[in-house]
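**Q** 326 is the number that our numbering gives the last residue of the sequence shown; the numbers go up by one with no jumps. For each residue, glycine too, the CB sits at the ideal point set by N, CA and C. Note that the structure is a prediction, hence the values are computed from the model and not measured.
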Amino acid sequence: MPTNSSVYIRGLGVYTPEKRLSNDDLSKIVDTSDEWIRTRTGIVSRCIAADGEAASDLGLKAAERAIADAGISKDEIDMVIVSTVTPDYIFPSTACVLQNKLGISGCPAFDILTACSGFIYLLELGSRFLRGNAYRNILLVSTEKLSSVVNWKDRNTCVLFGDAAGAVVLSKTDEADVGVLGTVLGADGAYGDLLKQPAGGSALPASYETVANGQHFIQMQGSSVFKHAVRTMSECSLELLKKCNLTAEDIRWVIPHQANMRIVDAVARQLEIPMEKFCVNLQNYGNTSSASIPNCMAEMREQGRFKPGDLLLLTAFGGGFTWGASLIRWK
Ligand code: ACO
């Protein structure tokens, strides 16, 4: 894979809603316990958006912070791409809604739907557009209000998810060997039924029956998802390292999709990278789908963990199934 070092994360922002839901709070809603959730997932609490707060509202706050962090004006944004499984509407896209709330217009704006791998897909899309030389600053937003599609009566799923948004401004630089060094993406639609929200689209439009049957909520076959997540996150990471002529030893930090501590542990073993190099904050947020990687990145940067020149490996897996990995030389 040719190394193109001219695209980098110029600004990074995150927003997590104020309201927190602890494992103990959940044990009052469904038959579960703090002990079960901690030992099976590593999650301790998660953030829940307010009733009137839509995915675009969470994304807007993250986007404003990313733009401020980039040190540019919002009018310098040349494109808005949003990743979400919980769009405000089927259409207009959340990217268009967010663009309007941001107070800009004219630049292209669109959504992608690749579930938990969304941020990696965004990085690749943004990088490709920037390398085409027609754009200078692209706003990438991963925003998820999973609380709006979680069945709060289903203990198998409701303990896993939370709400959050993360955003980056991706820009060009003349500096060599920094920024996004490479990305691999993958998908296999044969596994779509293992993790889905069945109703609300054209296959199963909303009806009294779909609502009564709970088909607008996330449905998941947890143990199968677990195995595929570990395998694909590990395999695509190794594939990417090979393509970039790098090895696991070159990596300073791994930022995995924050789904479950046991998935992270298993990926660490497969990659033979020590857990000390893994960035994890899922204990405080649960699985926030595509927002989980930028949320974790922002927190780790805040803690001063990333130094210029550090090699970061991002890897994710999600419904579809989809997966992907990115290597970033921190600038
Ligand atoms: N509290 C108490 N008991 C529970 C709960 C709960 N919240 N949820 C399930 N159980 C019970 C089950 O009913 C079952 O009981 P039974 O044996 O009497 O039937 C028992 O616990 C074991 O259930 P399993 O599903 O086998 O539990 P497992 O050890 O596989 O853990 C989990 C479940 C945590 C969901 C696991 O499969 C997992 O992590 N899967 C990965 C999926 C994931 O993280 N998905 C997120 C979306 S995809 C993504 O982001 C990559």
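CB-CB under 7 Å to residue -4, same chain, minus the five flanking residues each way: which ones, in chain order?
**A** Residue placement at residue -4 is flagged as unreliable, the pLDDT there being 46, under the threshold of 50; the coordinate-derived value follows with that caveat. Around residue -4: 177, 238, 239.
**Q** Quick check: what's the CA-CA separation for residue 146 versus residue 210?
**A** Rounded to the nearest angstrom, the two C-alpha atoms are 9 Å apart.
**Q** Going straight from the alpha carbon of residue 84 to that of residue 57, what length do you get?
**A** Going by the C-alpha atoms only, they are around 19 Å apart.
**Q** Taking contact to mean 3 or more Cβ pairs, one atom from each stretch, closer than 8 Å, check whether the stretch 44 to 56 and the stretch 92 to 104 are in contact.
**A** Short answer: they touch.
**Q** Check this for me: beta carbons of residue 140 and residue 201, under 8 Å apart or not?
**A** No.
**Q** With respect to 7 Å, is the separation between the Cβ of residue 215 and the closest non-hydrogen atom of ligand 1 below this value?
**A** Flag set: Cβ of residue 215 near ligand 1.
**Q** Assign residue 77 to one of three DSSP states: helix, strand, or coil.
**A** Strand.
**Q** Is residue 339 close to ligand 1? I mean its beta-carbon at under 7 Å from any heavy atom of the ligand.
**A** For residue 339 there is no data in the structure shown, the boundaries of the chain being -4 and 326.
**Q** Using DSSP with H/G/I as helix, E/B as strand and the rest coil, what is residue 0?
**A** Residue confidence is low: residue 0 scores 47 on pLDDT, short of 50, so the model does not pin down where it sits. Its coordinate-derived value is still stated next. Of the three classes helix, strand and coil, the one that applies to residue 0 here is coil, per DSSP.
**Q** For residue 227 versus residue 236, is the C-beta spacing smaller than 8 Å?
**A** Cβ atoms of residue 227 and residue 236: not closer than 8 Å.
**Q** Quick one: what does DSSP say residue 325 is sitting in, helix, strand or coil?
**A** Residue state, collapsed to three classes: coil.
**Q** My assumption, with CB atoms under 8 Å, is that residue 253 sits in contact with residue 233. Please give the rounded CB distance.
**A** Wrong, their Cβ atoms sit about 20 Å apart, outside the cutoff.
**Q** Can you round the beta-carbon distance between residue 111 and residue 312 to whole angstroms, since I take them to be within the 8 Å contact cut?
**A** With 8 Å as the limit, residue 111 and residue 312 qualify as a contact, their Cβ atoms being about 6 Å apart.
**Q** If we cut at 8 Å on Cβ distances, does residue 233 have a partner in chain D?
**A** Although the question refers to chain D, the structure presented lacks it and comprises just one protein chain.
**Q** Taking the continuous beta strand (DSSP E) assigned at residue 161, which residues delimit it?
**A** 158 to 167 is the extent of the beta strand (DSSP E) around residue 161.
**Q** Tell me whether residue 111 counts as near ligand 2, meaning its Cβ is closer than 7 Å to at least one heavy atom of that ligand.
**A** For the structure depicted, ligand 2 is absent and the ligand set comprises only ligand 1.
**Q** May I ask which residues mark the beginning and end of the alpha helix (DSSP H) holding residue 31?
**A** Looking at the DSSP string, the run of the alpha helix (DSSP H) that includes residue 31 is 29 to 36.
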